[in-house]
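Everything below concerns the one structure shown next.
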Amino acid sequence: MQEIQKAQLVATLEELKSKGFDYLKKITAVDLLDHLEVIYILYNTSSKSDEIAKVDLQGDNSIPTIMHIYKAADWYERELSEMFGIRIEGREAKKLLLEEWDGTEFPLRKSFEWGKDYKKRD
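Read in order, the letters of the sequence shown are residues 370 to 491 in our numbering.
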């Protein structure tokens, strides 16, 4: 697993893609209570090997888009935004994935209170 700085994310993923990691398997995040981490899982279809890259979001819950590198990042980045509250820099806002949700609470954060009556969009 590579730990990379947010400022180096795009350059690092471009380099990995040029080295054959041509398939984006998954982007997800981990809530560590005091900060979030974003995990990128890449796959090399020639060598059949994985590479994992991790970005620590200390104090700044935003990350640059990688849509120009991997088109598959679209839904994963939308999920990061809606489920974890991570702002994706360089993306246009799209219709929410969760139709009835107003986007003020983030269900995959540990602070989310299940069973609470959250406001829904009208």
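In this text, a Cβ means the ideal position worked out from N, Cα and C, and glycines have one as well.
The model shown is predicted, which means the values in this text are computed figures rather than measured ones.
Straight-line spacing of the CA atoms in L393 and R447 works out to 15 Å. Between the alpha carbons of H404 and F475 lies a distance of about 14 Å. In the three-state reduction of the DSSP assignment, Q374 falls in the coil class. Taking 9 Å as the cut-off, the beta carbon of L449 is found closer than this to the beta carbon of I432. Listed in chain order, the beta strand (DSSP E) elements of length 3 or more contained wholly in the region 387-423 are 392-400 and 405-413. Under DSSP, no beta-bridge partner is assigned to R478. Between A422 and I373, the C-beta gap is smaller than 9 Å, which places the two residues in contact. Within 10 angstroms of the beta-carbon of A398 lie 16 or more other beta-carbons, which makes it buried.
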